[in-house]
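According to the numbering used here, the residues represented by the sequence shown are 18 to 441, in order.
A virtual CB, placed ideally from N, CA and C, is assigned to each residue, including glycine.
Since we're looking at a predicted model, the values are computed, not measured.
Working notes for the structure below.
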Amino acid sequence: MNNNLFIIIKREFMERVAKKCFIFTTLLMPLLMLLMMAMPTLIMVFSSPSAKKVAIIDETGIVAEPLVEQSNEDLTFVKTDVALESAIADEDYYGVLSIPADVVENPTGVKLYLHDGGSQITEQAISGMIDEAVRQQRMKKYEIDNLAEIMTYLDVDTSLQTIRIQESGEEEQTSSLMSFGIGLFMTFMLYMFLLLYGQMVMTSIIEEKNNRVLEVVVSSVSPSDLMLGKILGVGLVAVAQVIIWVVLICGLSTAVLPLLLPEGGVNAASSPELAAAVESFGSVSFILTLFGYVLVFLIGGFLFYASIFAAIGSAVDNVQDASQLTSFAVVPIIIGLMVGLAAGNDPNSPLALWSSLIPLTSPMVMLMRVPFGIPAWQIWLSVGLLYLSFLFMVWIAAKIYRVGIFMYGKKPSVRDLVRWARYK
18 MNNNLFIIIK
28 REFMERVAKK
38 CFIFTTLLMP
48 LLMLLMMAMP
58 TLIMVFSSPS
68 AKKVAIIDET
78 GIVAEPLVEQ
88 SNEDLTFVKT
98 DVALESAIAD
108 EDYYGVLSIP
118 ADVVENPTGV
128 KLYLHDGGSQ
138 ITEQAISGMI
148 DEAVRQQRMK
158 KYEIDNLAEI
168 MTYLDVDTSL
178 QTIRIQESGE
188 EEQTSSLMSF
198 GIGLFMTFML
208 YMFLLLYGQM
218 VMTSIIEEKN
228 NRVLEVVVSS
238 VSPSDLMLGK
248 ILGVGLVAVA
258 QVIIWVVLIC
268 GLSTAVLPLL
278 LPEGGVNAAS
288 SPELAAAVES
298 FGSVSFILTL
308 FGYVLVFLIG
318 GFLFYASIFA
328 AIGSAVDNVQ
338 DASQLTSFAV
348 VPIIIGLMVG
358 LAAGNDPNSP
368 LALWSSLIPL
378 TSPMVMLMRV
388 PFGIPAWQIW
398 LSVGLLYLSF
408 LFMVWIAAKI
418 YRVGIFMYGK
428 KPSVRDLVRW
438 ARYK
């Protein structure tokens, strides 16, 4: 690396990491991720219904008792014989439940009268209790001994545990749902970085071109070194941000995640997927492996697409003129995201395989497939093709760049860019 290239990389890197917005977003993102992890627990804590007392006016004479027996600390049922109007007027009750005489045969006429706004959780709980009470009354008509126990026995809820056989022959418990979630997170992270930092390269070139800074700089630095320095400098900003996230997330997951779990941990027998997720995200090596893949495809994907953005930025005078040409970079990224989402449903389909090898879509699609435990040769073949494509793309972009930075007052066409790329 020559000295001029190093100076450009350092300038582009320091100019961006010193900004307050970089520091703010870098430190805030892990906290947002932690908040998302803790969100289900927080929602359960703060959305728990308050204790409510419901009066029951039962015209059947048989449904109220099972409901009273199902009372708990959050929802208490009280059977009353007063008139409906009197019960509604009593503000000691949260509500009044009116059960018609034919509820066993036609459970559609049940009414709940409330003084205040309704609670979906409470209404669902009451509906479930009424369903169970009506079900018990219906089963009694068949006069079959132990019918309730038989129905409970016939109610099957299979808990499927997925075991992946690794190439070494060892067994590893996995979860397709967890793999999909991890792949989705990594794919969207890469999608955001490619668009954000790729357009940052383009915008920086356009601004310097308008200020005529490039004309001064290229007098001492070759256009190729100038373009490559901008790409590598901005790319290092993205890499630094990811590395900081890795350190913060590893620390937060090992320190905070145990505090969010119930005492005794998660029961693997009743919640195998949740147990697998807790075990995985509590492992520093697992997090480092995931972000290692993110960095590999982030660097390759950014270098590839940033070359395209740099060529576009050098060819136009303002961002408005670049909007049409940026579709050559933005559309493949969006297609890669959409194909990646489809690959999450079947990571071994021909579409998923080939799109994860084509450099235009491979960064997003391969990151979606990686958590599913695909063969290692597919990953490294995709990486090799991606980095080789970057070398070719940066060679083409440098040819466009060295011509485009001196072109003013004309919005170039695609034919112009092709002609510039063919110059020797």
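Report all residues from its chain with a CB closer than 7 Å to the CB of E29; omit the five preceding and five following residues, and keep chain order. In the sequence shown, the residue the question calls residue 29 occupies position 12. So the list reads G246, K247, G250, V251, once near-sequence residues are dropped.
Check this for me: beta carbons of M410 and S344, under 8 Å apart or not? As a first step, residue 410 must be located in the sequence shown, where it is residue number 393. As a first step, residue 344 must be located in the sequence shown, where it is residue number 327. Taking 8 Å as the Cβ cut-off, M410 and S344 do not qualify as a contacting pair.
When the Cα of L307 is compared with those of Y418, M206, D119, which residue comes out closest? The residue given as residue 307 occupies position 290 in the sequence shown. The candidate whose alpha carbon is nearest that of L307 is M206.
If you drop the 5 nearest sequence neighbours on each side, which residues of the same chain put their C-beta closer than 8 Å to that of V444? This structure cannot settle anything about residue 444, because the visible part of the chain is limited to 18 through 441.
Integer-rounded CB distance, given that L253 should sit under 8 Å from I24: Locating residue 24 in the sequence shown gives position 7, where the first residue counts as 1. Locating residue 253 in the sequence shown gives position 236, where the first residue counts as 1. Between L253 and I24 the Cβ distance is about 14 Å, and since that is not below 8 Å, they are no contact.
Close-in-space but distant-in-sequence residues of the same chain around F446 (CB under 8 Å, 5 per side omitted): Examination of residue 446 is not possible in this model, given that the chain is present from 18 through 441 alone.
Can you tell which of P429, S144, V151 has the C-alpha that lies nearest to the C-alpha of N123? The count along the sequence shown starts at 1 and reaches residue 123 at position 106. Closest by alpha carbon: V151.
Taking the runs of the beta strand (DSSP E) that are 3 residues or longer, which of them lie wholly in the stretch 72-102? Taken in chain order, the complete beta strand (DSSP E) segments of 3 residues or longer contained in the stretch 72-102 are 92-96.
Looking only at C-alpha atoms, which of M219, V127, T77 sits nearest to V347? As a position in the sequence shown, residue 347 is number 330, starting the count at 1. Selected option, being the one with the closest Cα: M219.
Is the separation between the beta-carbon of V256 and that of L171 shorter than 8 Å? Position 239 of the sequence shown holds residue 256. Position 154 of the sequence shown holds residue 171. Contact: no.
With DSSP as the reference, please indicate the residues paired to V113 in a beta bridge. To locate residue 113, count along the sequence shown from 1; it is residue 96. DSSP output for V113 lists A72, Y130 as bridge partner(s).
Grab me the residues of V387's own chain with a C-beta within less than 6 Å of its C-beta, minus the 5 sequence neighbours each way, in chain order. Walking along the sequence shown from the start, residue 387 turns up at place 370. The answer, listed in chain order, is Y310.
Beta-carbon separation (whole angstroms), P376 vs S406, contact threshold 8 Å: Mapped onto the sequence shown, residue 376 falls at position 359. Mapped onto the sequence shown, residue 406 falls at position 389. Right, the Cβ-Cβ distance comes to about 4 Å (below 8 Å), so this counts as a contact.
Among L265, G317, Q337, S331, whose alpha-carbon lies nearest the alpha-carbon of L305? On the sequence shown, residue 305 is found 288 positions in, with the first residue counted as 1. Comparing Cα positions, the closest option is L265.
For the alpha helix (DSSP H) holding F202, just list the boundary residues, first then last. To locate residue 202, count along the sequence shown from 1; it is residue 185. Unbroken alpha helix (DSSP H) run through F202: 193-227.
When you compare the stretch 371-385 with the stretch 411-425, are there three or more beta-carbon pairs, one atom per stretch, that lie closer than 8 Å? No, the stretch 371-385 is not in contact with the stretch 411-425.
For F15, the three-state DSSP class (helix, strand or coil): In this structure the chain extends from 18 to 441, so residue 15 is not present and cannot be described.
Report buried or exposed for M203, applying the criterion of at least 16 other Cβ atoms within 10 angstroms of its Cβ. Taking the sequence shown and counting its residues from 1, the one referred to as residue 203 is at position 186. Counting the other Cβ atoms within 10 Å of the Cβ of M203 gives 16 or more, which makes it buried.
From M168 to E149, what does the alpha carbon distance come to, in whole angstroms? Position 151 of the sequence shown, counted from the start, is the residue given in the question as residue 168. Position 132 of the sequence shown, counted from the start, is the residue given in the question as residue 149. Approximately 12 Å between the Cα atoms of the pair.
E225 burial status per 10 Å Cβ neighbour count (16 or more: buried): Your numbering for residue 225 matches position 208 in the sequence shown. By the 10 Å Cβ count, E225 comes out buried.
So the candidates are I260, P349, G401; which of them puts its Cα closest to the Cα of T43? Reading the sequence shown from its first residue, position 26 is the one you call residue 43. T43 has its Cα closest to that of I260, out of I260, P349, G401.
Determine, using beta carbons only, whether N163 comes closer than 8 Å to chain B. Looking at the structure shown, chain B is missing, and only one protein chain is on hand.
Between the stretch 416-423 and the stretch 319-335, do three or more beta carbon pairs fall short of 8 Å? Flag = yes, the stretch 416-423 and the stretch 319-335 touch.
Quick one: grab the DSSP three-state call for K247. For the purposes of this step, residue 247 is taken as residue 230 along the sequence shown, with counting starting at 1. Reduced to three states, the DSSP call for K247 is helix.
Run the CB neighbour count on D162, radius 10 Å, all protein chains shown included, and call it buried at 16 or more, exposed below. Translated into positions along the sequence shown, residue 162 becomes position 145. D162 counts as exposed, since fewer than 16 other C-beta atoms from the protein chains shown sit within 10 angstroms of its C-beta.
In terms of residue numbering, what span does the alpha helix (DSSP H) encompassing R419 cover? Here residue 419 corresponds to residue number 402 of the sequence shown, with the count starting at 1. From DSSP, the alpha helix (DSSP H) with R419 extends over 393-421.
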